[in-house]
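Engineer: Before I ask anything, let me first share the structure, which is written out below as structure tokens.
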């Protein structure tokens, strides 16, 4: 698939999925309330961290080496299957003995969420390496629609049948089952469809010791970057939870979730860029610069809409307890934009196997957040956390841009200033 079609399909279907996810988030908040939803999302963040550690960056190693050696896709897949069995057993041990899941979740559904969250990254990686973006995004949108239907049923029904029939012990676990079950359903479809569509590349007996070794080396470096990025996105939760009340934490969690939704667009662009960059010529960097210009224009429009309509929209959608979301979004918007640009450039560097600068950028950003939140959140609350988030990601962007400009010789103005000469936004494909 040509990169034009890949970006169009990836963008269109992911926007649909994002809209369903946004609706799901609103329903969950309305269903559980501010304090209870904060507990749920905080626990899910812990589960996501466990999944991140279990993967140790293998998904990007899959994309890189399956793109570079497409005939080894089948053998790499069998190797990943064996690794996944070990990860499943490890998740059971971690959640049973080391990770406190409290009284709201049972072990089986906690493991189901963690394991499915891990496997969906692997499945997505194989699809990205084969540039099969349509099927994975259509299935994701369909599953999100099913989840929306179930959550709506929970919200308007007096009786939750998950609880009544003993499937879930409480409403929080019922929500978890909907989220985990949706991922598992998508995984089944993706496995069956991929196997049927790629029989010609699924016959290799062994990936070879060299590829396995290099894939682990690549993945471990990427794992370090992934862990640092996870902490970068959520470290401020710790300080807000420690120094602010539950209502403020619930508001800040929603600021973070809305910010993450704004990052879906650059994230899905980055997911397309990565496999195309692996074997790309030097001129491909011009496409990266164009996408950064386009992203800058989109975020300027989003910021204007946020200023004008944000206060009304957030309060009416989320409820009367979420009056702090608007100010938090204003304070953290610059950080969301910088992180969006970073994701595009990071995807380019991952495809070029230049991960050192990625690690350095994220590490410096995380240090700024930890130091800044430690000193200023106790004094100024959640707004300090949002402002420091913006400052930290700005410095991370500077580090990435300096390396990108040095590598590609593309001027800084060509990265941010959308020019009349660009014409129609897809001219760069010609």
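In the working numbering, the protein residues as written are 41 to 470.
Virtual Cβ for every residue (Gly too), placed ideally from N, Cα, C.
1) Could you tell me the alpha carbon to alpha carbon distance between residue 465 and residue 335, rounded to whole angstroms?
2) Is there contact here, the stretch 433-444 with the stretch 381-397, by at least three beta-carbon pairs under 8 Å?
3) According to DSSP, simplified to helix, strand and coil, what is residue 109?
4) My understanding is that residue 13 touches residue 251, with C-beta atoms under 8 Å, so please give their C-beta distance in whole angstroms.
5) Provide the residue span of the alpha helix (DSSP H) that contains residue 79, from first to last.
6) Cutting at 8 Å between CB atoms, please list the residues of its own chain near residue 408, excluding the five before and the five after it.
7) Is the number of C-beta pairs between the stretch 221-230 and the stretch 147-158 that are closer than 8 Å three or more?
8) Which whole-angstrom value describes the C-beta separation of residue 229 and residue 179, a residue pair presumed to lie in contact below a C-beta threshold of 8 Å?
9) Just to check my reading of the structure: residue 177 and residue 317 have Cβ atoms closer than 8 Å, yes? What is that Cβ distance to the nearest angstrom?
10) Can you check which of these residues, 216, 344, 376, 383, is closest to residue 88 by C-alpha distance?
11) Apart from the five residues on each side of it in sequence, which residues of its chain come closer than 8 Å, Cβ to Cβ, to residue 80?
12) With a floor of 4 residues, list each alpha helix (DSSP H) that falls wholly inside the stretch 94-177, ordered by position along the chain.
13) Determine the direct distance from the alpha carbon of residue 120 to that of residue 263, and round the result to whole angstroms.
14) Going by alpha carbons, who is nearest to residue 113 out of 74, 169, 405?
15) So what's residue 413 in DSSP terms, helix, strand or just coil?
16) When you compare the CB positions of residue 102 and residue 195, do they come within less than 8 Å of one another, or not?
17) Within 10 Å of its beta-carbon, does residue 95 have 16 or more other beta-carbons around it, so buried, or fewer, so exposed?
18) If we ignore side chains and look at the alpha-carbon of each, how far apart do residue 164 and residue 256 end up?
19) Per DSSP, what kind of secondary structure is residue 364 in: helix, strand or coil?
20) Exposed or buried, what is residue 197 when buried is set at 16 or more other beta-carbons lying within 10 Å of its beta-carbon?
Structural biologist: A quick look at the data gives this:
1) Caution applies to residue 465, whose pLDDT of 49 falls short of 50 and renders its modelled position unreliable; the model cannot decide the point.
2) Verdict: yes, contact present.
3) Three-state DSSP puts residue 109 in coil, outside helix and strand.
4) Given a span of 41 to 470 for the chain in the structure shown, any question on residue 13 remains unanswerable.
5) Counting along the chain, the alpha helix (DSSP H) containing residue 79 begins and ends at 74-95.
6) Result list for residue 408: 428, 431, 432, 435, in chain order.
7) Taking a contact to require three or more Cβ pairs closer than 8 Å, the stretch 221-230 and the stretch 147-158 qualify as touching.
8) About 5 Å separates the two Cβ atoms, so the contact holds.
9) Residue 177 to residue 317, Cβ: 20 Å. No contact.
10) The option with the nearest alpha carbon to residue 88 is 216.
11) Excluding sequence neighbours, residue 80 sits near 68, 72, 144, 212, 215, 216.
12) The alpha helix (DSSP H) runs of length 4 or more contained entirely in the stretch 94-177 are, from start to end of the chain, 98-108, 113-133, 147-169.
13) Approximately 16 Å, taken between the alpha carbons.
14) Minimum Cα distance to residue 113 is reached at 169.
15) Residue state, collapsed to three classes: helix.
16) In this structure, the beta-carbon distance from residue 102 to residue 195 does not fall below 8 Å.
17) Residue 95 should be labelled buried.
18) When rounded, the distance between both Cα atoms is 18 Å.
19) DSSP, read as helix, strand or coil, puts residue 364 in coil.
20) Residue burial is scored here from C-beta neighbours: residue 197 has fewer than 16 other C-beta atoms within 10 angstroms and is therefore classed as exposed.
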